[in-house]
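Single-structure report; data block below.
Numbering (this note's numbering), first residue to last: 2 to 315.
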């Protein structure tokens, strides 16, 4: 805390601060106008801030918390970070808000020549449902599909919807995300449409994904496996999964036996995608998201305030 002087000095600090912060005058112009050196102007500005006379506030823009977004990007060296403030407790409403924010980000950053990769995910579905504009890019399916009673959308639907918005091409294949055995998954991967579709992951330049924490109700894949498999993966150190790619608490990708049953891109293909943006909410997901960040699995994050706060306070 800067030491404060008498009234005359404090008034001079205020005059200097007003000219600089409110009127936008340069330090040189202020020095000339007040008959002091620019070095003294700089010292007064510092003193005014340190004393609390001047407070700088970054104001939230609508539901976008620009300050938390900037701090998150700086803390984890992210290319893009978007933090949404909400008062909802309804999961569907939160997912809709997050999807809208992610769609706006995609509209801003996807460029002609990009190849956009999309896996099956509830949050990716919400993102694509909110899309209104994209440049004419190819959209590639990254995983098989999971049929859920409360979501009438497959991975194919997600990709085709995005490609219609873009006016580009869609690379799709029909396959479940989780197969009942390695043998059946191997057979399916040999089918030309599936093999060619998964091979296109090598061309993807930007991807949007969800992140699941390895816990009941926190990962759709977790909840599709039987209890013995769930426990086996937990004992192997699985912390979370991203498009069916498993990772531990340090963000290191793992290849447990069950991975051979999944129709998805492999960890090496994921690592080669230059810009992976995760859309995920809820403080309970913090361990998995933190691990993905530390492992460099994602380069951008669209999230809500509770999860952002949990990440920033860790």
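In this text, a Cβ means the ideal position worked out from N, Cα and C, and glycines have one as well.
Assigned secondary structure, residue i (DSSP; H/G/I helix, E/B strand, else coil)
{"i": "residue 278", "result": "strand"}
{"i": "residue 132", "result": "coil"}
{"i": "residue 59", "result": "coil"}
{"i": "residue 2", "result": "Caution applies to residue 2, whose pLDDT of 45 falls short of 50 and renders its modelled position unreliable; the model cannot decide the point."}
{"i": "residue 18", "result": "helix"}
{"i": "residue 148", "result": "coil"}
{"i": "residue 162", "result": "helix"}
{"i": "residue 207", "result": "strand"}
{"i": "residue 116", "result": "strand"}
{"i": "residue 214", "result": "strand"}
{"i": "residue 179", "result": "strand"}
{"i": "residue 294", "result": "helix"}
{"i": "residue 173", "result": "coil"}
Opening and closing residue of the beta strand (DSSP E) in which residue i lies
{"i": "residue 198", "result": "Residue 198 -> not in any beta strand (DSSP E); alpha helix (DSSP H) instead, spanning 193-200."}
{"i": "residue 248", "result": "246-248"}
{"i": "residue 221", "result": "It is not in any beta strand (DSSP E) - residue 221 instead sits in the alpha helix (DSSP H) that spans 221-225."}
{"i": "residue 142", "result": "139-142"}
{"i": "residue 31", "result": "Careful: residue 31 lies outside any beta strand (DSSP E), inside the alpha helix (DSSP H) at 28-35."}
{"i": "residue 82", "result": "81-85"}
{"i": "residue 243", "result": "241-243"}
Residue span of the alpha helix (DSSP H) that contains residue i, given as start and end
{"i": "residue 183", "result": "183-190"}
{"i": "residue 100", "result": "92-110"}
{"i": "residue 267", "result": "Careful: residue 267 lies outside any alpha helix (DSSP H) and carries neither H nor E."}
{"i": "residue 312", "result": "306-313"}
{"i": "residue 45", "result": "39-51"}
{"i": "residue 76", "result": "67-77"}
{"i": "residue 236", "result": "228-236"}
Contacts around residue i, its chain only, beta-carbon distance under 8 Å, and the 5 residues preceding and following it disregarded
{"i": "residue 263", "result": "144, 145, 178, 179, 180, 186, 222 and 245"}
{"i": "residue 65", "result": "83, 84, 85, 86 and 102"}
{"i": "residue 71", "result": "59 and 82"}
{"i": "residue 307", "result": "282, 283 and 284"}
{"i": "residue 252", "result": "292, 293, 294, 295, 296, 297 and 298"}
{"i": "residue 106", "result": "81, 83, 278, 301 and 303"}
{"i": "residue 315", "result": "287 and 291"}
{"i": "residue 190", "result": "196, 199 and 264"}
Sub-8 Å separation of residue i and residue j beta-carbons
{"i": "residue 1", "j": "residue 298", "result": "Since the first residue of the chain shown is 2 and the last is 315, residue 1 is not available in this structure."}
{"i": "residue 133", "j": "residue 160", "result": "no"}
{"i": "residue 96", "j": "residue 127", "result": "yes"}
{"i": "residue 213", "j": "residue 242", "result": "yes"}
{"i": "residue 42", "j": "residue 49", "result": "no"}
{"i": "residue 156", "j": "residue 120", "result": "yes"}
{"i": "residue 206", "j": "residue 125", "result": "no"}
{"i": "residue 188", "j": "residue 139", "result": "no"}
{"i": "residue 174", "j": "residue 141", "result": "no"}
{"i": "residue 176", "j": "residue 270", "result": "no"}
{"i": "residue 21", "j": "residue 31", "result": "yes"}
{"i": "residue 248", "j": "residue 296", "result": "yes"}
{"i": "residue 122", "j": "residue 210", "result": "yes"}
{"i": "residue 136", "j": "residue 112", "result": "yes"}
{"i": "residue 46", "j": "residue 16", "result": "no"}
{"i": "residue 287", "j": "residue 272", "result": "no"}
{"i": "residue 208", "j": "residue 118", "result": "yes"}
{"i": "residue 261", "j": "residue 183", "result": "yes"}
{"i": "residue 225", "j": "residue 259", "result": "no"}
Own chain residues within Cβ distance below 6 Å of residue i, not counting five before or after
{"i": "residue 250", "result": "240 and 292"}
{"i": "residue 300", "result": "80, 276 and 277"}
{"i": "residue 74", "result": "82"}
{"i": "residue 309", "result": "69, 73 and 84"}
{"i": "residue 104", "result": "128, 131 and 132"}
{"i": "residue 279", "result": "210, 212, 299 and 302"}
{"i": "residue 98", "result": "85 and 87"}
{"i": "residue 234", "result": "257"}
{"i": "residue 162", "result": "129"}
Neighbourhood of residue i by C-beta distance below 7 Å, restricted to the same chain and skipping five residues each side
{"i": "residue 237", "result": "255 and 257"}
{"i": "residue 109", "result": "none"}
{"i": "residue 198", "result": "142, 172, 173 and 174"}
{"i": "residue 29", "result": "39"}
{"i": "residue 26", "result": "20"}
{"i": "residue 228", "result": "none"}
{"i": "residue 169", "result": "137, 138, 139 and 140"}
{"i": "residue 14", "result": "45, 48, 49 and 54"}
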